[in-house]
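Student:
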Amino acid sequence: MTSAQKKRVTARRELSGGVAPSGLAALVPLLVPGGLLVLGLVLPSFMFQGDQTASRIGLGPAFWPGTMLAALSVLSAVWIGYEIWALRRAGRRSLMTAPREDGPYDMGKALIGLCGIIGYGWLLPILGFAIATSLFIALWCWFGGLRKPLVVLPVTLIGTIALLWLFMGLALMPLPRGSGVFDGFSIWLLRITGIY
Amino acid sequence: MAALELLGGGFLAAFEFWAFMTILTGLLVGVVAGALPGISFVNAMAMALPFTYVMQPTQSMLFLGGIYVGGVFGGSISAIMINVPGTPASLPATWDGYPMTKRGEVKRALAIAVTASATGGLVSALMLAFLSAPFASFALKFSQPEFFAATLLGLVSVIAIAKDQPIITLVSLVLGIAIGTVGVDPLYGQARFSFGVPEMESGIRFVVVMIGLFAIGEVVDLLATNRDLRPKKTDGKPVGATFRDFLNVKGAILRGTGIGCLIGMIPGAGATPGAVIAYGIEKQVSKRGDEFGTGVEEGLAAPEAAKNATTGAAMIPLLTLGIPGSAATAIMLAAMMLHGVNPGPLLFIMDPTMVYTIFAAMILANVMMIGAGIGVAQMFSTLMRTPPAILAAFIIVLSVVGAYGVRNNIFDVYVCLAFGVVGWGMKRVGFPSAPLVLGVILGPLAERYFLTSMANSKQDWTVFFTRPISATILALSLMFVLWSLAPGIKSLFARARRASRP
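So the protein sequences, as listed, match chains A and B. Positions in the first sequence are counted from 1; adding 3 to them yields my numbering. Positions in the second sequence are counted from 1; adding 827 to them yields my numbering.
1) Is the segment 860-877 of chain B touching the segment 907-921 of chain B in the sense that three or more CB pairs, one from each, lie closer than 8 Å?
2) Of the residues B/1301, B/1034, B/1000, which one's Cα is nearest the Cα of residue 1261 of chain B?
3) So, do the segment 837-854 of chain B and the segment 1180-1195 of chain B have three or more beta carbon pairs nearer to each other than 8 Å?
4) Verify whether the separation of the beta carbon atoms of residue 3 of chain A and residue 955 of chain B is less than 7 Å.
5) State the DSSP-derived secondary structure class of residue 924 of chain B, mapped to helix, strand or coil.
6) Taking a cut of 7 Å between CB atoms, which residues from the segment 1221-1251 of chain B lie near chain A?
7) Report the three-state DSSP secondary structure of residue 1018 of chain B (helix, strand or coil).
8) By DSSP's criteria, residue 1010 of chain B is part of a beta bridge. Which residues make up the other side?
9) Does DSSP put residue 198 of chain A in a helix, in a strand, or in coil?
10) Distance check for residue 1047 of chain B and residue 56 of chain A, CA to CA, integer angstroms please.
11) Under DSSP, the alpha helix (DSSP H) around residue 1256 of chain B begins and ends at which residues?
12) Run the CB neighbour count on residue 1202 of chain B, radius 10 Å, all protein chains shown included, and call it buried at 16 or more, exposed below.
13) Which residue spans inside the segment 1155-1222 of chain B form an unbroken alpha helix (DSSP H) run of at least 4?
14) The segment 1272-1300 of chain B: which residues have C-beta closer than 8 Å to a C-beta of chain A, in chain order?
15) So the candidates are B/1079, B/1182, B/874; which of them puts its Cα closest to the Cα of residue 1134 of chain B?
16) Leaving out five residues on either side along the sequence, give the residues of the same chain with a beta carbon under 6 Å from the beta carbon of residue 886 of chain B.
17) So, helix, strand or coil for residue 59 of chain A, using DSSP?
18) If you count every other CB in all the chains shown that lies within 10 Å of the CB of residue 1318 of chain B, and 16 or more means buried, which is it?
19) If we cut at 7 Å on Cβ distances, does residue 47 of chain A have a partner in chain B?
20) In three-state terms, what does DSSP make of residue 843 of chain B?
21) Just verifying my parser: in three-state terms, what is the DSSP assignment at residue 969 of chain B?
22) Quick check on the burial criterion: 16 or more other C-beta atoms within 10 angstroms. Buried or exposed for residue 1206 of chain B?
23) Would you report the Cα separation of residue 1084 of chain B and residue 981 of chain B, rounded to the nearest angstrom?
24) What residue from B/862, B/877, B/927, B/1226 has the CA that sits closest to residue 1128 of chain B's CA?
25) By how many angstroms is the C-alpha of residue 80 of chain A removed from the C-alpha of residue 1332 of chain B?
26) So what does DSSP say about residue 1040 of chain B, is it helix, strand or coil?
27) How many Å lie between residue 971 of chain B and residue 1016 of chain B at the Cα?
28) Please state the DSSP three-state secondary structure of residue 1112 of chain B.
29) Which chain E residues are close to residue 79 of chain A, counting only those with a beta carbon under 8 Å from its beta carbon?
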């Protein structure tokens, strides 16, 4: 490694809080604007569905989104230019700086949490609001470190019933009841709680 | 003098038991509805509309006015406490309010927010009572080009919130505006970027994007860092705000109030541009401008004052001209018309008692909001003492219900979750999400005003520059951009000068 290269690596390490980004992480400052540039260039061809074309009266419906996507491409290109310049020079900081956490950040826990939230959204129309919500609250509490059944159980049950009352009872929101047997269960639950 | 007498009469009417209880109930409903992400105060006003059938016309306006005043503030409670804005106008409260919560100063942040909001609202209500006529004639001069210029001012003010990265902020803003173009366009009726999904033709609602970007990422971070959001004493300082805190932010409150009053009376502008512009200007004016975004009191107070200052101002075109400037005032117009009351100049002659009772109620509602806001905030801050796992689970459930409730559609939940994942990723790599949200909120408005201005002027671009008010606002936008970028440009020149030295 030449002295200039060493200087660059040291500077980047200092800027990233002592840990030099490696592999894909080091490429993120280029991948994000690169992806946005591609989006800005490709999306105009997908603006209208099928064989539809933009109205030719006045500026037309394609003008505003087209202009915004063009602006997105130009700005992304400028951003890429800056990142390449920053990569080549020691002491230059990338435009994107990841937040500094006060304590350790458990990435595994974060990813499982994200999957849990997506799973909740996916199960909502299948299991219905009552079952999906009570399952989600119980599992999230357990995963979040709350393991006492005497706390988790009442929080889950009272919380779900309170939410049902607030949204389906008072605000008259038609929250999902689930499909098949779960729909029947939801109707039974709503009758028992006096909402239906 | 006559105005003072009429206002005195209005106060007497507003202090009658049932009138007073109506304002208080409306205020509490508004604060709670505003604080729940997705259940905005506008929804609460729409839900309350049928209840106003059984009320007297004045009483119905007091009720809806109470919800309006309380709701505009309520959105900041969730913004400050859990980093999820309850209403779009509360977005700036997340930038400096939530960092205060992270430092354990949640009660202080809420006290500053409610005081700033009440002051802004009070000044605005007084302006409504005494200066309606001249401001109404000024508001009447606004047309589509002026609306576009005002929206553009709101959009460019986002550059001021960028620390030292205007390019990345602009990319985020433009991306947000592009997301806002999904769905049927406002002038030609053609669907764009629907990709064959029928739900996409109705567009992507900004509330859904906002909930996804802010709530989900925050909850996941709460889980991954085991962060403690409970109020705590720091360095012997009291948990709540002190009188000195309010004195320190008085300038920010006054500036925010002035901006809010000006922006609020422009029909269609609303509280969001008012709050964002106030934040941007305060960042430039404040001695601690460089620290904005880390929990600076002025950064919280200015937009809070501005957004509530738009409430009274937005009533001016409604009551004097019969023009509703926002969704909330449109519901109030509907309530008036349901009771056979036609707002406009004649109303001041035909039923001045009603008009001045509304004025008095707006003043009263803002004073009462300090108590109601602190009470509700106290209730919500007690919730902060619950274990983070329980708090996080309920935030997610409320967010999902909030997204679903926008159109009672599961598709919006999927969109919200997708933006949640994107928002979490953006946060991890340091890509700003606030400009994107602002783009989704203001982008469709800007597009509508731009296209209609062009259509009305037979595609003549000069329409934006030949109309005095529009040209002035555009010049202000340009000055604002230059003002915001000046420190960065200066340091760039200084660096170049240093580099050129031998």
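Don't be surprised by glycine CBs; every beta carbon is placed ideally from N, CA and C. These figures come from a predicted structure and were not determined experimentally.
Tutor: Taking the geometry as given:
1) yes
2) B/1000
3) yes
4) Since the first residue of chain A shown is 4 and the last is 199, residue 3 of chain A is not available in this structure.
5) helix
6) 1221, 1223, 1224, 1227, 1228, 1231, 1232, 1235, 1237, 1240, 1241, 1244, 1247, 1248, 1251
7) strand
8) B/1019
9) coil
10) 42 Å
11) 1237-1256
12) exposed
13) 1172-1177, 1179-1210
14) 1274, 1277, 1278, 1281, 1282, 1286
15) B/1079
16) 849
17) coil
18) exposed
19) no
20) coil
21) coil
22) exposed
23) 16 Å
24) B/927
25) Nothing can be reported for residue 1332 of chain B, as the shown portion of chain B is limited to 828 through 1329.
26) helix
27) 19 Å
28) helix
29) The structure shown contains no chain E; the protein chains it does contain are A and B.
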